[in-house]
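Heads up: the structure comes next, in structure tokens.
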DNA sequence: TCTTGACCCGACCGATCGTTCGGTTACGCT
DNA sequence: AGCGTAACCGAACGATCGGTCGGGTCAAGA
């Protein structure tokens, strides 16, 4: 009933997976519908059988990324305990989500705000950042983080570091699951011996 | 002789300044020559009097950014002394160059590799990263940096943090010159109190 | 066997893309 | 004053853009 998955046919989900790869390789604006049809192996017009258009593909993709990221903020370890531990949990889990949903998060992070969908994505990203910055602020207030660095600035640098992972990480690369640990260690303890 | 700068007329340099702003706001692919002509206040065809085309504007812009970044590697403080001090100098100066040449570096960091010019830019960026990674390796070998984090990974995270500044920094913002110091402190000593 | 609907296609649409062209204006130089 | 040329313009180019259209194919249900 639900689905007798025909291997040779596309669902919105499987089409989205192909699409996001192409978007990431060529950029959203740099990708034509013909590029997509070639990558998917179906005609341009067939894509419109599954989705309303190019922008809907973008909306579905970045929505998925945002759901994953916001999910980490609602996990138990992120809502109770010492602020610094809750922050560490969010940092670690955000990194993990970024790695498991890599192509979708990659696309999200490259959105610039040209269309309505892109502006919506930017807005939700700002919400996320603000909620994390609040965590940093609490941890500083509790004396659990060094006070010299301003919370907003520290949050930005911290997530700048995390988000930059999409620029080089490829699944199946060596020390794959060591990445989240390295991020946490570098962020909280620094490089110096 | 050299120039009696007519205020009302464009040079390649002044046209480039306008162009880079638009490229950063809308993305390179998302920017049409008409967008540029509107922002510059001259006709589309007039742009071709100054440059060969859209791609040349991109090449000039990212070239300027690359020259600034590579320049830091050749400064005296980056070529002699303890590896960890040379690294700290490169980190600090790279951040400063990023801030002073902000729009050009921003554009450089968003290049995806669709055209020949973009691929050339990516190549030179990789060269830069490799030279910094070598510095990190030397510092680890000298026991001046904690050994747990692999040099290549640490370099990537470090410059991911630095490069992310272009996503939010705006000239004239508060604690402007504190940014480079915050980066150095966070990178080498971490967040934890 | 006939119908239905999911899935896909080639052909085509108006709009916009980066670029070119022929020609005009304005200013520095002699 | 007259000339050369840097700076600029409107109009148009072929190509490609995102999207539409009418119809074809095929498996499942009646």
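Residue numbers (the UniProt record's numbering), protein chains in the order written: chain A, 1 to 193; chain B, 1 to 193. Glycine residues also receive a C-beta, built at the ideal position from the N, C-alpha and C atoms.
Contact check, residue i vs residue j, beta carbons under 8 Å
i                      : j                      : result
residue 72 of chain A  : residue 90 of chain A  : yes
residue 33 of chain B  : residue 164 of chain A : no
residue 40 of chain A  : residue 15 of chain A  : yes
residue 191 of chain A : residue 145 of chain B : yes
residue 184 of chain A : residue 92 of chain A  : yes
residue 114 of chain B : residue 172 of chain A : no
residue 270 of chain B : residue 28 of chain B  : Shown here, chain B extends from 1 to 193; a query on residue 270 of chain B therefore has no answer.
residue 180 of chain A : residue 96 of chain A  : yes
residue 58 of chain A  : residue 128 of chain A : no
residue 139 of chain B : residue 149 of chain A : no
Which residues DSSP lists as bridging residue i, in chain order
i                      : result
residue 137 of chain B : Residue 137 of chain B pairs with nothing; no bridge assigned.
residue 145 of chain B : A/192
Whole-angstrom distance between residue j and residue i, CA atom to CA atom
i                      : j                      : result
residue 62 of chain A  : residue 117 of chain A : 9 Å
residue 143 of chain A : residue 187 of chain B : 20 Å
residue 47 of chain B  : residue 100 of chain B : 26 Å
residue 167 of chain B : residue 112 of chain A : 10 Å
residue 178 of chain B : residue 43 of chain A  : 54 Å
residue 24 of chain A  : residue 94 of chain A  : 20 Å
residue 194 of chain B : residue 87 of chain B  : This structure leaves residue 194 of chain B out entirely; chain B is present only between 1 and 193.
residue 98 of chain A  : residue 110 of chain A : 14 Å
residue 49 of chain A  : residue 122 of chain B : 37 Å
residue 132 of chain B : residue 104 of chain B : 20 Å
residue 151 of chain A : residue 130 of chain A : 11 Å
residue 193 of chain B : residue 85 of chain A  : 13 Å
residue 124 of chain A : residue 67 of chain B  : 36 Å
residue 120 of chain B : residue 74 of chain B  : 21 Å
residue 189 of chain A : residue 126 of chain B : 27 Å
residue 9 of chain A   : residue 45 of chain A  : 15 Å
residue 13 of chain B  : residue 60 of chain B  : 9 Å
residue 26 of chain B  : residue 26 of chain A  : 15 Å
residue 141 of chain B : residue 141 of chain A : 37 Å
residue 137 of chain B : residue 137 of chain A : 34 Å
Rounded Cβ spacing between residue i and residue j (contact assumed at less than 8 Å)
i                      : j                     : result
residue 108 of chain A : residue 65 of chain A : 4 Å
residue 11 of chain A  : residue 36 of chain A : Not quite, the Cβ-Cβ distance comes to about 15 Å (not below 8 Å), so this is no contact.
Given 8 Å, three or more beta-carbon pairs between the region 44-57 of chain B and the region 67-81 of chain B: no
Cβ contact (3+ pairs, closer than 8 Å) linking the region 148-160 of chain A and the region 150-158 of chain B: Contact fails: fewer than three Cβ-Cβ distances are below 8 Å.
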